[in-house]
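Everything on this sheet refers to the single structure shown next.
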Amino acid sequence: MLDRLILNGYEASPSEMQEVVRVTWEDKEDNAARQSISRRGRCAARHTVVTDLETLLTRCAEAVASSDMCGASKLLERIKCHSSPRGDARQRLAHYFAQGLEARLAGTGSRLYRSLMGKRTSAVELIRAYHLHTAASCSIKVGLFFSTNTIYKAVAGRRKLHIVHYGISTGFQWPDLLGLLANREGGPPEVRITGINTPQPGPCPAALMEEAGHRLNNYASQFGVPFKFRAIASKLEDVRAEDLHIDPDEVLVVSSLYEFRTLMDESLTSDMLSPRDMVLNTISKMRPSVFVSSVVNGPYSAAFFMTRFRHALYYFSALFDMMETTVPWVAKRLLVERDIFARSAINRIACEGTDRVERPQNYKEWQTRNQPAGLRQLPLDPDIVLILKDEVKNRYHKHFMICEDHRWLLQGWKGRVLYAHSTWAAADATGSLV
1 MLDRLILNGY EASPSEMQEV VRVTWEDKED NAARQSISRR GRCAARHTVV TDLETLLTRC
61 AEAVASSDMC GASKLLERIK CHSSPRGDAR QRLAHYFAQG LEARLAGTGS RLYRSLMGKR
121 TSAVELIRAY HLHTAASCSI KVGLFFSTNT IYKAVAGRRK LHIVHYGIST GFQWPDLLGL
181 LANREGGPPE VRITGINTPQ PGPCPAALME EAGHRLNNYA SQFGVPFKFR AIASKLEDVR
241 AEDLHIDPDE VLVVSSLYEF RTLMDESLTS DMLSPRDMVL NTISKMRPSV FVSSVVNGPY
301 SAAFFMTRFR HALYYFSALF DMMETTVPWV AKRLLVERDI FARSAINRIA CEGTDRVERP
361 QNYKEWQTRN QPAGLRQLPL DPDIVLILKD EVKNRYHKHF MICEDHRWLL QGWKGRVLYA
421 HSTWAAADAT GSLV
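Counting along the sequence shown from 1, when you hit position 124 you're at 124 in UniProt numbering, and nothing is skipped either side.
Structure (structure tokens):
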């Protein structure tokens, strides 16, 4: 099952996803839905008037921010009566945002987030969720296609490829590239992947990466691609260029698919270089042929809670509306909304300090950060951009958007930019994809 999910890659269509999320998920969640409806029956009967949940959430956040325990508690009760993880888009968003606000009010945000992250999610479940997300939304597919084809072009005519992947997780994005390289005229290059991830809690900090490495090694053997894998369990900012055993004969590529949103910014490290800048400086010192950067376009890492809350509400309302429009199955939406969206939203709402690990910034801020680190932005490949624009236009819902801005490829929903992609090289590097 896992191999089929991974090898299907980002080519799966929405109709094919009906088989990906199996009936067992539907049975479990639909049973929970019936129980939820029964519990909420009397509350719903008392409140038949349509409620402006966005306004209630904002007022509740203001009460929480001002330590108005009584006012916040009353507003939370109203929100809970009108929200549900199985309602419409605004009700589902309100359900998870209320969880975050309640935890922040009680001072238990960090504990709640740790409990959510501590629930062990298997590789199969993770990949199921990402495949459903890929089928419903073009965001992951565009990022994968952009990265895969940029790397494929970078290694043209060369015999060795080294990919440094920040945040490799299950490694589900690489079988597609291995398959492309296997069919390359003249034979595949030697491929080396170095995966970097924050250590997992417990006795095996690199377990998920090692598991991914074993799978990728098996796929490479099937494809006939010479392959090596190395896992580094470390904070991203603690890895140095000299730790990566860079070979000058290799085409070096650095990849990050939305992972840098978890890097700390200057708000906690005002007297020293921030982890974001440390990672970017390390990438510059690597002197890669290309650094493929895909970022969450989220201007909600502001220091002030209410500013951050309003930006998060704006951002996640687009994601929940997108799922409402493109995924008609309640149980299947839960797979993505609960295990991906909700965890992220709750962390941004309920946590502060080092416990707030979700700190995305918008693509323009990344642009101004990358350049001082010694990175030079490369032009977008017109062939890749054309293919992706056609794909989004012809295969996905009309409200998905894809466009270009100052060498960034932007994606969004109903005019809201949610993700951005670009390519970079060291400012003084030669032989990069100019």
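Backbone N, C-alpha and C fix where the C-beta goes; we use that ideal spot for every residue, glycine too. Since the structure is predicted, the reported quantities are computational estimates derived from the model, not experimental observations.
| query | result |
| --- | --- |
| Taking the beta strand (DSSP E) that Tyr314 belongs to, which residues open and close that run? | It is not in any beta strand (DSSP E) - Tyr314 instead sits in the alpha helix (DSSP H) that spans Phe305 to Thr326. |
| Using the Cα positions of Ser147 and Arg356, report the straight-line distance between them to the nearest angstrom. | 28 Å |
| In or out: Val327 buried (at least 16 other Cβ within 10 Å) or exposed? | buried |
| Do you know how far the Cα of Ala129 is from the Cα of Ile340? | 8 Å |
| Compute the Euclidean distance between the alpha carbons of His82 and Arg114, then round it to the nearest angstrom. | 27 Å |
| Measure from the alpha carbon of Gly374 to the alpha carbon of each residue in Glu237, Met278, Ala65 and Phe316, then state which is nearest. | Met278 |
| How far does the alpha helix (DSSP H) with Glu285 in it extend, from its first residue to its last? | According to the sequence shown, residue 285 is Lys rather than Glu. Counting along the chain, the alpha helix (DSSP H) containing Lys285 begins and ends at Pro275 to Met286. |
| Let me confirm a value: Cys70 is counted as buried when at least 16 other C-beta atoms fall within 10 Å, else exposed. Which label applies? | exposed |
| Count the other CB atoms within 10 Å of the CB of His421; is the residue buried (16 or more) or exposed (fewer)? | buried |
| Using the beta-carbon count (16 or more within 10 Å), is Asn183 buried or exposed? | exposed |
| Spatial neighbours of Val21 within its chain, please: CB distance less than 7 Å, with the 5 preceding and 5 following residues excluded, ordered by chain position. | Note that Val21 has pLDDT 40, beneath the 50 cutoff, so the model's placement of it is unreliable and no number is given. |
| Is it the case that the Cβ atoms of Thr194 and Leu244 are separated by a distance below 8 Å? | yes |
| So what does DSSP say about His399, is it helix, strand or coil? | coil |
| Taking the beta carbon of Glu102 as the centre, do at least 16 other beta carbons fall within 10 Å, making it buried, or is it exposed? | buried |
| Whole angstroms is fine: what's the gap from Met286's alpha carbon to Trp366's? | 19 Å |
| Check whether the Cβ atoms of Arg376 and Trp329 lie closer than 8 Å to each other. | no |
| Output the boundary residues of the beta strand (DSSP E) element that contains Ser294. | Val290 to Val296 |
| Give the C-beta separation of Pro85 and Arg92 to the nearest angstrom, bearing in mind that I take them to be a contact with Cβ-Cβ under 8 Å. | 6 Å |
| Three-state secondary structure (DSSP) at Ile349? | helix |
| Report yes if the CB atom of Leu75 is closer than 8 Å to the CB atom of Ala350, and no otherwise. | no |
| Which first and last residues belong to the beta strand (DSSP E) in which Tyr419 is found? | Arg416 to Ala426 |
| What's the gap between the Cα of His406 and the Cα of Phe305? | 30 Å |
| What residue from His214, Ala220, Asp383 and Phe223 has the CA that sits closest to Ala231's CA? | His214 |
| If you pair each beta-carbon of the stretch 137-151 with each one of the stretch 199-216, do three or more pairs fall below 8 Å? | no |
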